[in-house]
Every structure is written in structure tokens, then in C-alpha cells.
Amino acid sequence: MPELPEVEAVKEGLNQLIRHKTIQSVDVLWDNLILGDSTRFKQMLVNQQIETIGRRGKFLIINLTDFQLISHLRMEGKYDYYRTEIPSSKHNHVFFHFIDGTSLVYNDVRKFGRLQLVNKGMALEQPNLRKLGPEPLGDAFTLNYFIHALKKSRGLLKPVLLAQNIVVGLGNIYVDESLWQAQLHPKRAANQLTNKEYQRLHQAIISVLSLAVEMGGSTIRTYKNALGEAGQFQQHLHVYGRTGLPCDRCGQPIEKIKLNGRGTHFCPRCQSLNNDFLDS
DNA sequence: TTGAGTGTTGTCGA
DNA sequence: ATCGACAACACTCA
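So the mapping is simple: this note's numbering equals the position in the first sequence, first residue as 1, plus 7.
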């Protein structure tokens, strides 16, 4: 489900809903969602107060009195907030009960998500967070940085952009959309673009993600933010889920291929493997 | 009915 | 070290 824009929307919702609330108890119905010992996880959270909720890449970071709770939604993780009774669902797996009687429930159909409690200040020191690249909408994501990073990289454009070590936040939807916007084939060698192409790609990533954040993300099948609201960026998709439909730029039917196991959508005319002529 | 496909990423083997 | 395949799991669709 969630790429950067969706996680950002969840973060915003959680900040509205659970800031300053104090946890009374925690229930875990599927231990594999918890990294580390789930008994300790439940114990340590009692009496912790929520300060603020942040985001790093696709990770949510819930800042507590003495700890940080790292939460990754992976494919289908969601948070639901309830003021009264919690409707029964076979996919509700983790329950945070607050002293005011309200609850935050982690729901995950596929159980791929992960929750990890670490000491305050240690979230960004975890190995998987430490190797993340810069935020695409932050100051560190400069064109110069991006060019140098991609020139050092090996492999094909799309897999390299999905790896999160050069820039965070892109997933299968937004990488396809960014490559369409930049008119680059997903199988181009990532270290062999022209400077003009690097510039187009850099700009495309920023503009696609900015608009998607503004629209509250994309709701393709099931995504909802913590307030229960759908995203609206799906109205703006040009290639993802548009296989066979005419390209919005040139009319050629959108193609779908498999690239490293991921469905990959692109326009075979606008995003040719040999499109150097676009720079002339 | 069965198999393929689904928004992610950590791990494993070459 | 790096890259691709696979696993974690449930559900939908052809």
C-alpha cells in the first residue's frame, strides 16, 4: 500500500488523533509483527505518552516519553482510531489502548508490517534506517547529489530507485509515474543517463511526490489514512494501472512488463530505451 | 480450482 | 559486495 505520500498522510492523521495521549495497555495478537520480544514490547509501552509522530522514508516514527516506536506498513498496514468499541476484524493485530478510553488499532491483511520499539534517539541508528538515502522533498536531495549517486550505482533505473539507498520514498507506483514524467525507460542503465536526463528525473521525482503528498496519496485498492480518508492522487496517474490505455502524452498504448518481479508500466514511445534524441 | 498478481523489504545464495 | 530470487501472508481475479 503505502509509499512516501501515503505514509506522510498517515503521519498527519496520527498527529491529529493521538498526540499527547497516554498508553494504558497494549495487546498483540500476531507476534511476528513485533521485532524483538513482544512481551517486553507490551510492558514497556504502558504509561508512555505520545509526543509527536514523524516519518523517515516509508517508516513512521512515533516518539514516546522514553522510546521511539518504528512502524513500517509494508504492503497493507493501516492504523484505525476508535473512540468507543472496536469493531471486530480478523486483520486487527495490535491494539494500543489509551487512558482516555480511545484506541489505536494496527490492521494488516497480509501481516507484512513491522513494529519495533527502541530507546529514545535510537530510531535513526537502526541499520535499516541508517542506510536510507535522503528525503526526496528535503534540502539534501540536490541535483548534484542525485547525479553523483546514480553515476556510482549499478543496475537498471527502476530497481535502483526502488532500493531506498539513493533516495527514499519511491515505491512501485511513484517510480513508474516519475519515469513516465521524465520520459525514461525503466530498464535504462542508471549510471548512463545524460545530465539532462538526470535533471528531468530529479525534477520528476520531486514534482510527482509533491503533488501526491498534496493529494493525500493514492487509493488503489484499500488504502485509507488514519482518519479513514482515501487519497486522491489516483486521479493523476499516467501509467500505473493504465495498461493498454493511450498514453496521455502521445496516445501510444501503455505497456506493462515484469522487471525484477515487479509489474512495470511505461509508454513504449515516450520512454524508449534509446531516447537520447529527446535531448537534441 | 488453481495460479498469478498485489502498494515492501529483509535475507539468502550465487 | 551486489543482484536477483524468494519469503513473509491474505485476498482477488481470470
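Backbone N, C-alpha and C define an ideal beta-carbon position, used for all residues, glycine too.
Predicted model only: the values in this text are computed from it and were never measured.
What is the rounded straight-line gap between the Cα of residue i and the Cα of residue j?
| i | j | result |
| --- | --- | --- |
| residue 105 | residue 84 | 21 Å |
| residue 50 | residue 32 | 8 Å |
| residue 36 | residue 132 | 28 Å |
| residue 73 | residue 103 | 16 Å |
| residue 188 | residue 217 | 13 Å |
| residue 10 | residue 177 | 6 Å |
| residue 184 | residue 249 | 11 Å |
| residue 190 | residue 167 | 17 Å |
| residue 269 | residue 96 | 30 Å |
| residue 40 | residue 151 | 39 Å |
| residue 80 | residue 115 | 8 Å |
| residue 20 | residue 30 | 18 Å |
| residue 241 | residue 227 | 7 Å |
| residue 27 | residue 38 | 27 Å |
| residue 94 | residue 125 | 30 Å |
Between which residues of its own chain and residue i is the CB-CB distance below 8 Å, once the five residues before and five after are set aside?
| i | result |
| --- | --- |
| residue 153 | 173, 174, 205, 208 and 209 |
| residue 198 | 157, 158, 159, 160 and 161 |
| residue 18 | 60, 61, 62 and 67 |
Enumerate in chain order the residues of its own chain whose CB-to-CB distance from residue i is below 6 Å, with the five nearest sequence positions on each side excluded.
| i | result |
| --- | --- |
| residue 25 | 57 and 111 |
Taking residue i as the reference, give the member of the options with the closest Cα.
| i | options | result |
| --- | --- | --- |
| residue 89 | 109, 70, 178 and 245 | 109 |
| residue 120 | 194, 98 and 143 | 98 |
| residue 251 | 219, 124, 262 and 243 | 262 |
| residue 118 | 100, 69, 267 and 92 | 100 |
| residue 76 | 48, 65, 16 and 86 | 48 |
| residue 277 | 34, 266, 201 and 260 | 260 |
Determine which residues share a DSSP beta bridge with residue i and list them.
| i | result |
| --- | --- |
| residue 196 | 163 |
| residue 123 | 42 and 77 |
| residue 112 | 87 and 102 |
| residue 63 | 66 |
| residue 256 | None; residue 256 has no bridge partner. |
| residue 266 | 269 |
Do residue j and residue i count as a contact pair if the criterion is CB distance below 8 Å?
| i | j | result |
| --- | --- | --- |
| residue 258 | residue 238 | no |
| residue 163 | residue 211 | no |
| residue 231 | residue 193 | no |
| residue 213 | residue 144 | yes |
Could you name the residues of the same chain whose beta carbon sits closer than 7 Å to that of residue i, not counting the 5 residues immediately before and after it, in chain order?
| i | result |
| --- | --- |
| residue 247 | 180, 183, 184 and 272 |
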